[in-house]
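Chemist:
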């Protein structure tokens, strides 16, 4: 075990050394650090009353000024403070949904690659079905059935976005299944669980890692889209929910760009950051595939 | 072909059971947030009280039944969908066509010389566009070019497909529709071309490693000829199939962008059904979009068989 953990530590050190030389990847990390800090510090620096409609200090849809650097929303709350709280909600939903998606995807991928016969075929069939069915219509019907809340939003995104991961992991599992050390462990009497958890999982793990960062990017975009359509918690000011309110309160037709521009820029920056990190990770762990 | 049919059958089964899996009051779900008179409620209760198997068989026999009524608009759902298909096809068709031409052109220029200035710039811009929620881009275009902000006078209409009162069957009417099409279509073009350009670029970079290109160069062919005659045709195939495979992604854009621009297509209908929520209409729309995507997947597979002799054997 100590040999294995030592080797893992060395692999990690090699990875982080490689990552530090990747300019695009490090840019992504820097952008992300700012947002994570905002998300963590938001409740400490900003009192929750800033989100309360009845305690709002500004006027309706005020343009940016010294007291409200990013203007106000339709009920007079400061956009800057709403945006900071939104960071917290959007990132939380993004990470939670990603965890669900990656866990289901990895599990399905490894099992679909490991088990032959009817069970394996069934798993591949389910994965293919989720790959083909258009994401947003599926998410819309699921979210309608479950009802609007942050928890349901996380569940809906999690179970609609794992199929890509599963396909990727299955392909990798299939290539590992043919290697001699698995044959050896089978010959020594290793069970399915031992083979999958001790031999397959550690080998697909770098790929899972690279895939996870790319999944977060897609998941955050999905969260924004679904919240914009009113399928999230109407009271939680995630970036998508802010855009939803901007749209339904007529901020567009009154030209209130300060209500629309900032949430979108936040989404673009965070998604871009995760994409840059994901592509950099891919370049390091899987140099053949990356472009 | 068989797989497409099986996938579709599962969509129909899923569609039926999803809305019946829930604990609680189905009538409440169907009528949430609406007043219904006693007669309608009675009718709904009678329909929902039939044995599950009987309901299921009725639905399976004909999911496109004209008798399925929208609970919000009290009209046959498929009639409503029929009216909304053409605006969506016009919007998406134009957007996909223009986006694939521009996207592929960018992808070729960037992928042929990876690392060049054009490549670094275009990859930066496409990654940025790729990270954008399409409806947000639409809202920003609306604010800038339709309402007018940052000193730009608003020129384009705020939404809809034509100005009320204009006859869309005359040439003047077509111009009016075109004028309304510009902003929603540009939004979708910008978002889609990012995807197509990234795929084309990656595909061409893959192709550059192939040995036949070295041979083509060794024959003394000019760089442009090697690119046009040898590399691009081979790199195009995966890109074009991916354009068909990405219809699911295209549908997402259609729903939100049509909502922002009140474009009277299937996307806006989805949003209207969602606000109800109008369950029968949502079910029908889900089925409709799934069929479209499954058919597009089938076309992608057929294209591969037609254009790639390696698959045929």
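Protein chains in written order, with this note's numbering: chain A, 1 to 291; chain B, 1 to 313.
C-beta: ideal position from N, C-alpha, C; glycine also.
Using only the alpha-carbon positions, how far apart do residue 16(B) and residue 191(B) sit?
Modeler: Counting from 1 along the second chain, the entry for residue 16(B) is found at position 16. Counting from 1 along the second chain, the entry for residue 191(B) is found at position 191. Computed Cα separation, rounded: 33 Å.
Chemist: Between the C-alpha atoms of residue 90(B) and residue 187(B), what's the straight-line distance to the nearest angstrom?
Modeler: Within the second chain, the letter at position 90 stands for residue 90(B). Within the second chain, the letter at position 187 stands for residue 187(B). Looking at the two C-alpha atoms, the distance is approximately 14 Å.
Chemist: Count the other C-beta atoms from every protein chain shown that fall within 10 angstroms of the C-beta of residue 180(B), then say buried if there are 16 or more, exposed otherwise.
Modeler: Mapped onto the second chain, residue 180(B) falls at position 180. Residue 180(B) is buried by the Cβ-count criterion.
Chemist: I want to verify the contact list: residues of chain B whose CB lies under 7 Å from the CB of residue 136(A), in sequence order.
Modeler: Within the first chain, numbered from 1, the residue matching residue 136(A) stands at position 136. Correct list: 251, 252, 255.
Chemist: Pick from 266(A), 282(A), 111(A), 173(A): whose alpha carbon is nearest that of residue 128(B)?
Modeler: Within the second chain, numbered from 1, the residue matching residue 128(B) stands at position 128. Ranking the options by Cα distance to residue 128(B), first place goes to 266(A).
Chemist: Out of 141(B), 175(B), 264(B), which has the shortest C-alpha to C-alpha gap to residue 252(A)?
Modeler: Taking the first residue of the first chain as 1, we reach residue 252(A) at position 252. Minimum Cα distance to residue 252(A) is reached at 141(B).
Chemist: When you compare only the Cα positions, how much space is there between residue 54(B) and residue 61(B)?
Modeler: As a position in the second chain, residue 54(B) is number 54, starting the count at 1. As a position in the second chain, residue 61(B) is number 61, starting the count at 1. Roughly 11 Å between the two C-alpha positions.
Chemist: Sort 97(A), 181(A), 192(A), 34(A) by Cα distance to residue 222(A) and report the nearest one.
Modeler: Within the first chain, residue 222(A) is the residue found at index 222, counting from 1. Measuring from the Cα of residue 222(A), the nearest candidate turns out to be 97(A).
Chemist: For residue 285(A), which residues of its own chain have a beta-carbon under 6 Å away from its beta-carbon, when the five flanking residues on both sides are left out?
Modeler: Counted from its first residue, the first chain places residue 285(A) at position 285. Within the same chain, residue 285(A) has close Cβ partners 206, 210.
Chemist: Using DSSP bridges, identify the partner residues of residue 169(B).
Modeler: Here the question's residue 169(B) lines up with position 169 in the second chain. Beta-bridge pairing links residue 169(B) to no other residue.
Chemist: Between the C-alpha atoms of residue 265(B) and residue 84(B), what's the straight-line distance to the nearest angstrom?
Modeler: By one-based count along the second chain, residue 265(B) stands at place 265. By one-based count along the second chain, residue 84(B) stands at place 84. Rounded to the nearest angstrom, the two C-alpha atoms are 4 Å apart.
Chemist: Buried or exposed for residue 21(A), going by 16 or more other Cβ atoms inside 10 Å?
Modeler: The residue labelled residue 21(A) in the question sits at position 21 within the first chain. Burial call: exposed.
Chemist: Where does residue 190(A) fall in DSSP's three states?
Modeler: The residue given as residue 190(A) occupies position 190 in the first chain. Three-state DSSP puts residue 190(A) in coil, outside helix and strand.
Chemist: Which of the three DSSP states, helix, strand or coil, is assigned to residue 282(B)?
Modeler: Looking up residue 282(B) in the second chain gives position 282. Of the three classes helix, strand and coil, the one that applies to residue 282(B) here is helix, per DSSP.
Chemist: Quick one: measure Cβ to Cβ for residue 323(B) and residue 143(B), integer angstroms, because I've assumed they're closer than 8 Å.
Modeler: No information on residue 323(B) is available, as it lies outside the stretch 1 to 313 that chain B covers here.
Chemist: Is it buried or exposed for residue 45(B), if we count other Cβ within 10 angstroms and need 16 for buried?
Modeler: Counted from its first residue, the second chain places residue 45(B) at position 45. Looking at its Cβ environment, which holds fewer than 16 other Cβ atoms inside 10 Å, residue 45(B) is exposed.
Chemist: What are the start and end residues of the alpha helix (DSSP H) that includes residue 16(B)?
Modeler: Residue numbering aside, residue 16(B) sits at position 16 when the second chain is read from its first letter. Segment 2 to 18, the alpha helix (DSSP H) holding residue 16(B).
Chemist: Is the CB-CB distance between residue 300(B) and residue 244(B) below 8 Å?
Modeler: Locating residue 300(B) in the second chain gives position 300, counting from the first residue. Locating residue 244(B) in the second chain gives position 244, counting from the first residue. A contact, by the Cβ cut-off of 8 Å.
Chemist: Please list the partners that residue 253(A) has in chain B, where partner means a Cβ-to-Cβ separation under 7 Å.
Modeler: One-based indexing of the first chain puts residue 253(A) at position 253. Going along chain B in sequence order, the residues near residue 253(A) (Cβ under 7 Å) are 147, 158.
Chemist: In three-state terms, what does DSSP make of residue 46(A)?
Modeler: For the purposes of this step, residue 46(A) is taken as the residue at position 46 of the first chain. If DSSP states are grouped into helix, strand and coil, residue 46(A) belongs with coil.
Chemist: Apart from the five residues just before and just after residue 108(B), which ones in its own chain have a Cβ nearer than 7 Å to its Cβ?
Modeler: In the second chain, residue 108(B) corresponds to position 108, counting from 1. Once the five neighbours on either side are set aside, the close Cβ partners of residue 108(B) are 200, 204, 232.
Chemist: Since residue 103(B) and residue 193(B) should fall inside the 8 Å C-beta cutoff, what is the C-beta to C-beta distance between them, to a whole number of angstroms?
Modeler: For the purposes of this step, residue 103(B) is taken as the residue at position 103 of the second chain. For the purposes of this step, residue 193(B) is taken as the residue at position 193 of the second chain. Contact holds; Cβ gap of about 4 Å.
Chemist: When we look at the beta-carbon of residue 193(A) and count the other beta-carbons within 10 Å, is it buried (16 or more) or exposed?
Modeler: Position 193 of the first chain, counted from the start, is the residue given in the question as residue 193(A). Exposed, since its Cβ has fewer than 16 Cβ neighbours within 10 Å.
Chemist: What residue from 211(B), 5(B), 250(B), 251(B) has the CA that sits closest to residue 320(B)'s CA?
Modeler: The first residue shown for chain B is 1 and the last is 313, placing residue 320(B) beyond what the model contains.
Chemist: Buried or exposed: residue 183(A), going by 16 or more other Cβ atoms within 10 Å of its Cβ?
Modeler: Taking the first residue of the first chain as position 1, residue 183(A) is located at position 183. The residue in question, residue 183(A), is exposed, as its Cβ has fewer than 16 Cβ neighbours within 10 Å.
Chemist: Note down, in chain order, every chain A residue with its Cβ under 9 Å from the Cβ of residue 126(B).
Modeler: Here residue 126(B) refers to the residue found at position 126 of the second chain. Near residue 126(B) there are no residues of chain A at all, since even the closest Cβ is about 11 Å away, more than 9 Å.
Chemist: Pairs of beta-carbons, one from the stretch 108 to 122 of chain B and one from the stretch 226 to 240 of chain A, closer than 8 Å: are there three or more?
Modeler: No: the two stretches stay apart, fewer than three of their Cβ pairs being nearer than 8 Å.
Chemist: For the alpha helix (DSSP H) containing residue 355(A), name the first residue and the last one.
Modeler: Here chain A comprises residues numbered 1 to 291, so residue 355(A) is not present and cannot be evaluated.
Chemist: Give a yes or no on whether the minimum CB-CB distance between residue 136(B) and chain A is below 8 Å.
Modeler: Here residue 136(B) refers to the residue found at position 136 when the second chain is read from its first residue. With 8 Å as the cut-off, residue 136(B) counts as an interface residue toward chain A.
Chemist: Examine chain B for any beta-carbon lying closer than 8 Å to the beta-carbon of residue 132(A), and answer yes or no.
Modeler: By 1-based counting over the first chain, the position of residue 132(A) is 132. Interface residue, yes.
Chemist: In its own chain, which residues sit with a C-beta less than 6 Å from the C-beta of residue 158(B), not counting the 5 before and 5 after it?
Modeler: Along the second chain, one-based indexing puts residue 158(B) at 158. If we look at residue 158(B) and ignore the five residues flanking it on each side, its Cβ neighbours are 146.
Chemist: Quick one: is residue 114(A) buried, meaning 16 or more other Cβ sit within 10 Å of its Cβ, or exposed?
Modeler: Taking the first residue of the first chain as position 1, residue 114(A) is located at position 114. Residue 114(A) comes out buried.
Chemist: Residues in the same chain with beta-carbon distance under 8 Å from residue 144(A), minus the five sequence neighbours each way, listed in chain order, please.
Modeler: Working through the first chain from its first residue, we reach residue 144(A) at position 144. Counting only Cβ-Cβ distances below 8 Å, and skipping sequence neighbours, we find 231.
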